Amino acid sequence: MSATILDGKKLAESVRAEVAAGVARFVAEHGRPPGLEVVLVGEDPASQVYTRNKQKASMEVGIRGELHTLPASTTEAELLALLERLNEDDAVDGILVQLPLPSQIQEQKVLDAIRADKDVDGFHPVNAGLLASGRSGLVPCTPRGCMKLIALAGTKLEGARAVVVGRSNIVGKPMAQLLLGANATVTMAHSRTKDLAARCREADVLVVAVGRAELVRGDWVKPGATVIDVGMNRVALPEGAPGGKTSKLVGDVAFEEAARVAGAITPVPGGVGPMTIACLLENTLLAAKQRLAKRG
Ligand code: GUN
Numbered sequence: 004m005s006a007t008i009l010d011g012k013k014l015a016e017s018v019r020a021e022v023a024a025g026v027a028r029f030v031a032e033h034g035r036p037p038g039l040e041v042v043l044v045g046e047d048p049a050s051q052v053y054t055r056n057k058q059k060a061s062m063e064v065g066i067r068g069e070l071h072t073l074p075a076s077t078t079e080a081e082l083l084a085l086l087e088r089l090n091e092d093d094a095v096d097g098i099l100v101q102l103p104l105p106s107q108i109q110e111q112k113v114l115d116a117i118r119a120d121k122d123v124d125g126f127h128p129v130n131a132g133l134l135a136s137g138r139s140g141l142v143p144c145t146p147r148g149c150m151k152l153i154a155l156a157g158t159k160l161e162g163a164r165a166v167v168v169g170r171s172n173i174v175g176k177p178m179a180q181l182l183l184g185a186n187a188t189v190t191m192a193h194s195r196t197k198d199l200a201a202r203c204r205e206a207d208v209l210v211v212a213v214g215r216a217e218l219v220r221g222d223w224v225k226p227g228a229t230v231i232d233v234g235m236n237r238v239a240l241p242e243g244a245p246g247g248k249t250s251k252l253v254g255d256v257a258f259e260e261a262a263r264v265a266g267a268i269t270p271v272p273g274g275v276g277p278m279t280i281a282c283l284l285e286n287t288l289l290a291a292k293q294r295l296a297k298r299g
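Each position in the sequence shown, counted from 1, maps to that position plus 3 in our numbering.
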């Protein structure tokens, strides 16, 4: 194995320590902590874990707020009414509705209903538009975390070839905008891209966010490239696996193969995942500061 392993857990710890210090300054200045409200609708087990982790991490840095757990039968009108209340509440700086939502609720309608200046996920069309036009707004947490990991690798983006695999609104599209903003030459690849392996092989920086276990093989990676693996896929282990384990988490990149070729690579778990939560805390503090600064 030759690649540098990019330790997202360690980097996230340093981001969280910075946020904690920023929160303490915010409290000293404004007499209250930044507020983050997390909303979970339904009982999806992965979403339950993610929202619990988000709530716990925010408490640890001094951010305050509630985890709202609503039943799977919640109507769109009920969820919109809660968001309206949180939008109006002056002690609330950030609002996050965990995705996916149950089928009776239109996701886009919900994301559009969160005030753009409290949209710590960066999913509101105003924030997406600000990012696309190179202006400052709230930037989605996972791409923001990926940019910090690329910086940790010491990769120069100016003029570099960057390939983003996956075109979701949550990761792929904002990721491409951030890379473009850093003067990389960006290709967006997706499920219909012809000869995906060849496109990946061109990448000095390869970001993969498609949710397909170990799609990207070692021979898809350019020697020395920086590889950022956003995937989190649970795969079954053969019977009799060590420790009696029945499944494990893998990324969208075949890690062992790719690590022999890449210059730097993120592991799964312990790479992008911890950075997403750390960047959510950063976004919450930023939203709180920007909202109060606007008021003067
Ligand atoms: N579901 C999967 N990733 C995310 C995320 O970053 N934010 C929200 N709100 N839901 C998600």
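From the three backbone atoms N, C-alpha and C, an ideal C-beta is built for every residue, glycine too. Just so you know, these numbers come straight off a predicted model, no measurement behind them.
By the 10 Å Cβ neighbour count, where 16 or more other Cβ atoms means buried, how is residue i classified, buried or exposed?
i, result
"V300", "Given a span of 4 to 299 for the chain in the structure shown, any question on residue 300 remains unanswerable."
"G97", "buried"
"E177", "The residue asked about is misnamed: residue 177 is Pro in this sequence, not Glu. The residue is buried, with at least 16 neighbouring Cβ atoms inside 10 Å."
"A84", "exposed"
"D207", "buried"
"D92", "exposed"
"H33", "exposed"
"H193", "exposed"
"V256", "buried"
"L43", "buried"
"R19", "buried"
"D222", "exposed"
"E16", "exposed"
"G11", "buried"
"A244", "exposed"
"L240", "exposed"
Can you tell me which residues form a DSSP beta bridge with residue i?
i, result
"S250", "A239"
"R164", "T188"
"T145", "None, per the DSSP bridge assignment."
"H71", "V42"
"A267", "T7, T229"
"G97", "L39"
"D122", "I98"
"L209", "V166, V230"
"V219", "V256"
In its own chain, which residues sit with a C-beta less than 6 Å from the C-beta of residue i, not counting the 5 before and 5 after it?
i, result
"L181", "P146, M150"
"G38", "R67, G68, A94, V95, D96"
"S139", "none"
"L99", "V41, V123, D124"
"R164", "T188, E205, A206, D207"
"N90", "R118"
"L104", "V44, E110"
"A216", "N236, V238, V253"
Can you find the residues in the same chain that come closer than 7 Å, C-beta to C-beta, to residue i, ignoring five residues on each side of it along the sequence?
i, result
"Q58", "V41, L70"
"R170", "K176, M191, H193"
"E46", "A75"
"L284", "R19, V22, A60, S61, V64, I66"
According to DSSP, simplified to helix, strand and coil, what is residue i?
i, result
"G274", "coil"
"T7", "strand"
"Q51", "helix"
"K197", "coil"
"A20", "helix"
"P245", "helix"
"G175", "helix"
"I280", "helix"
"Q293", "helix"
"T287", "helix"
"K57", "helix"
"I153", "helix"
"V224", "coil"
"P128", "helix"
"K112", "helix"
"L104", "coil"
"R138", "coil"
"K159", "coil"
"V30", "helix"
"G214", "coil"
"G307", "It is not possible to answer for residue 307, since the shown part of the chain is limited to 4 through 299."
"G25", "helix"
Can you name, in chain order, every residue of its own chain whose Cβ lies under 8 Å from the Cβ of residue i, other than the five neighbours on each side?
i, result
"P272", "M235, L252"
"E81", "L73"
"F29", "P36, P37, L288, A291, K292"
Could you give the C-beta distance for residue i and residue j, rounded to a whole number, given that I count them as a contact under 8 Å?
i, j, result
"E87", "Q109", "With a Cβ gap of about 16 Å, E87 and Q109 do not count as contacting."
"G148", "V275", "6 Å"
"L160", "A187", "4 Å"
"Q101", "S50", "5 Å"
"T229", "G266", "6 Å"
"V224", "V174", "Not quite, the Cβ-Cβ distance comes to about 19 Å (not below 8 Å), so this is no contact."
"C203", "V168", "7 Å"
"L9", "L155", "6 Å"
"R290", "K121", "Here residue 290 turns out to be Ala, not Arg, going by the sequence shown. Rounded, the Cβ-Cβ distance is 6 Å, consistent with contact."
"V211", "D232", "6 Å"
Flag residue i as yes when its Cβ comes closer than 8 Å to any non-hydrogen atom of the ligand MN, and as no otherwise.
i, result
"D207", "Of the ligands one can find in the structure shown, namely the ligand GUN, none is the ligand MN."
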